[in-house]
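So the structure is just underneath, and the comments pick up after that.
2 protein chains.
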Amino acid sequence: MRDLKSELLDKRFLQPFASKAVAPPPVWLMRQAGRYLPEYRQVRAEAGSFLDLCYTPDLAAEVTLQPIRRFGFDAAILFSDILVVPDALGQSVRFAEGEGPRLDPIKSVAGLARLALSNTNDKFALVCETVQRLSEALPRETALIGFCGAPWTVATYMAEGKGSSDQAAARGWAYRDPAGFQQLIDILTETSIVYLTGQIEAGANAIQIFDSWAGSLAENEFARWVIAPTARIVRAIRERFPAVPIIGFPRGAAASLQTYIDGTDVDGVSCDTSCPLSVMQTIARTGKAVQGNLDPLLLVTGGDALDQRVDTICETMAGLPFVFNLGHGIVPETPPENVARLVARVRKAS
Amino acid sequence: MRDLKSELLDKRFLQPFASKAVAPPPVWLMRQAGRYLPEYRQVRAEAGSFLDLCYTPDLAAEVTLQPIRRFGFDAAILFSDILVVPDALGQSVRFAEGEGPRLDPIKSVAGLARLALSNTNDKFALVCETVQRLSEALPRETALIGFCGAPWTVATYMAEGKGSSDQAAARGWAYRDPAGFQQLIDILTETSIVYLTGQIEAGANAIQIFDSWAGSLAENEFARWVIAPTARIVRAIRERFPAVPIIGFPRGAAASLQTYIDGTDVDGVSCDTSCPLSVMQTIARTGKAVQGNLDPLLLVTGGDALDQRVDTICETMAGLPFVFNLGHGIVPETPPENVARLVARVRKAS
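Dropping the structure here:
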């Protein structure tokens, strides 16, 4: 039996999610395990495909640990990909080098016959084995974050067959046949609950739900395709694991952030780079934890401009339940020494 | 001497920009002259390149008028492209079929030597001739909207050499060398003032500034690269033409819309599809005109779902200074009969 209360006390990352301010703020960075690290590139080169790396617990655990060893972040995030879910369901996913993901698109309800929750066992088991190894290997003070893509965002890739700038395939399907699209969202919602449950049982201390394309939806569709399925996931996970914080990241939806929080009841939110600090302050003052929101491109540039922005963010969020993070993933061009500089600056900021 | 006061009385489109509610609301649609119309495709096929069409007053005026003839919109928008400005400045722009724009990128201050305001005369004159013809050809009750891209958004294409999902080339340049990037923004700001001045002198009744990539910037950069240059354009145009409304469209920046309005002093804003109606209401209640924000993909689907959303938007914005529009441009797959249905519905909505 896990002692979640003792975990909360040991891991400073978790305290903002109990509405507590921590000084200096906990810090981790989205995509902190990635191509900007030479030791990651070495493992990646040995791993075969990108998904092979996700499905090989030894290697996935190793790349998750690399940034913890280098920078001592307060949280590690499971190395995986949001497209593990459609891949495990039976819609095969390939990653062409430099091209992003490719799937055989599912453009209408007829294509859903390809998918089955019962398909997911083996692949989810491999991811959960990674989580298990990490929970044993990580320092006691380091939290382990599990994650999934939100149903809406995963559905956009499944419908388009790749990344897109406007998510037109999924948005169009949802307008043409909302009942059919609801079936896809329901499959993804139920599968995500199973997947996250497995990750928590294997040792994840917190969960983040990435909704990268939440910002492309009109208000009613945001309520139906973003808020409702996320709320269902939150309810199901909280019922079984009331002490595990759930973080939402509805990217590009800063104007709807309070609506999202009210509707989903997440314990905290990640904020993207464009979110004004005043919005982050307002939310944190309600007791919800806020993560964010340094521009990853400023981390590439570094120097005084980086220091100043880090200070501004930390000063603005001081005394509030806050976790320092980027507003989007680290880019491959990032000099690792700038990451070290960032972490030192955040920790001096108290 | 133009009698701007009489124009205001004749053209219902202009009244919301004097803080007046109009019932039914004026309606026009972004990219209303475009590939969804067979008569547009015919002219386009005869015109050579896309920019040739923009630079041929006969044809550019013809495609601007086509949707007015079909649907009787309350405003026509000059058929042109935001990349006319870099093209005229000397950074040659090509449009490859189905690939979007291509430019030889300018990635640092050294590349600015290629650009000169004195280069722009001939090409701007062709655009202004189109405006002149339109102002003579349009019905007296139809307003003519001129436009330009905002300096920030135009700069993103100039730095990247094409469209991009993250505007990384411009954002990175702006972090690495803010003083150099400021020079590019200054060139674009001054050129835009000259360009818009020419359009108004030729007969444009209102101006829209399209900032499609405003949503990718962090707060401080939004202030420097979006708000400041737009404010400078607004001041310069208003000083010469105090009766000509200036509309801003900072796409993807709904959470910063009030900051944008306060900082730029535009007469009205366009709101993208993801902007909550409550945000639009709040702004319109301050007396600023608001345009928006039907999802263009719902216009493709049509039917009852379209009718219901049109009604909801019109009912929510009733009694406020409001112009019905899309939240983004019409897509080529749009059935023209759905546009007719939309216009009839808006006009019945009072």
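From first to last, the protein sequence lines are chains A and B.
Heads up: the first sequence begins at 1 in our numbering, then just goes up one per residue.
Heads up: the second sequence begins at 1001 in our numbering, then just goes up one per residue.
The C-beta atom is built at its ideal place from N, Cα and C for all residues, glycine as well.
Could you pull out every residue in the same chain whose Cβ sits closer than 7 Å to the Cβ of residue i, ignoring the five residues on either side in sequence?
i: B:N1119; result: A1088, L1089, G1090
i: A:Y55; result: K123, L126
i: A:L191; result: A small fix is needed here, since residue 191 of chain A is Thr in this sequence, not Leu. V85, L89, L117, T120.
i: B:R1212; result: Here residue 1212 of chain B is Ser; the residue named in the question, Arg, does not match the sequence. Excluding residues within five positions, the ones whose Cβ falls inside 7 Å are T1153, R1251.
i: B:F1210; result: I1082, F1147, G1149, A1150, T1153, F1249
i: B:A1355; result: Outside the modelled stretch of chain B, which goes from 1001 to 1350, sits residue 1355 of chain B, for which no answer is possible.
i: A:V109; result: D177, G180, Q183
Mind checking whether residue i and residue j have CB atoms under 7 Å apart?
i: A:R176; j: B:T1312; result: no
i: A:L78; j: A:P101; result: no
i: A:I187; j: A:L196; result: no
i: B:N1338; j: B:L1298; result: no
i: B:A1047; j: B:L1065; result: no
i: A:T316; j: A:L277; result: yes
i: B:A1204; j: B:L1144; result: yes
i: B:A1061; j: B:L1134; result: yes
i: B:A1236; j: B:I1193; result: yes
i: A:L320; j: A:A21; result: yes
i: A:T273; j: B:A1318; result: no
i: B:L1184; j: B:A1155; result: yes
i: B:A1344; j: B:P1016; result: no
i: B:I1246; j: B:V1266; result: yes
For residue i, does the three-state DSSP call read helix, strand or coil?
i: A:S92; result: coil
i: A:N205; result: coil
i: B:P1250; result: strand
i: A:L83; result: coil
i: B:F1017; result: helix
i: A:V266; result: coil
i: B:A1150; result: coil
i: B:G1329; result: coil
i: B:N1338; result: helix
i: B:A1218; result: coil
i: B:A1228; result: helix
i: B:L1144; result: strand
i: B:V1109; result: helix
i: A:C275; result: coil
i: B:S1165; result: coil
i: A:K366; result: Nothing about residue 366 of chain A can be reported from this structure: the residues present for chain A run from 1 to 350 only.
i: B:T1312; result: helix
i: B:P1296; result: helix
i: B:D1177; result: coil
i: B:G1198; result: helix
i: A:L138; result: coil
i: A:A243; result: coil
i: B:T1259; result: helix
i: A:T191; result: helix
i: A:T301; result: helix
i: B:L1115; result: coil
i: A:A155; result: helix
i: A:A223; result: helix
i: A:T286; result: coil
Please return the same chain residues whose Cβ sits closer than 8 Å to the Cβ of residue i, not counting the five positions on each side in sequence.
i: B:A1359; result: With chain B running from 1001 to 1350 in the structure shown, residue 1359 of chain B is simply not present.
i: B:V1346; result: P1024, P1025, V1027, V1310, C1314, F1324
i: A:E141; result: D10, K11, R12, D74
i: A:C275; result: A254, L257, G292, N293, G327
i: A:T189; result: P151, P229, R232, I233
i: A:V279; result: A254, L257, C271
i: B:I1227; result: T1259, Y1260, G1263, T1264
What residues are listed by DSSP as bridge partners for residue i?
i: B:V1323; result: B:Q1291
i: B:P1101; result: B:F1095
i: A:F210; result: A:G149, A:F249
Can you list, in chain order, the residues of its chain whose CB lies under 6 Å from that of residue i, leaving out five sequence neighbours each side?
i: B:A1202; result: C1128, V1131, Q1132
i: A:V63; result: A33, Y40, V43, F79
i: A:I330; result: L29, R31, G34, Y36, P296
i: A:I200; result: F241, V244
i: B:N1220; result: none
i: A:R94; result: R102
Under 6 Å: does the beta carbon of residue i sit that close to some heavy atom of the ligand ATP?
i: B:R1114; result: This structure simply doesn't include the ligand ATP, nor any ligand for that matter.
Mind pulling the beta strand (DSSP E) runs of 3 or more residues that sit fully within the segment 22–77 of chain A?
75–77
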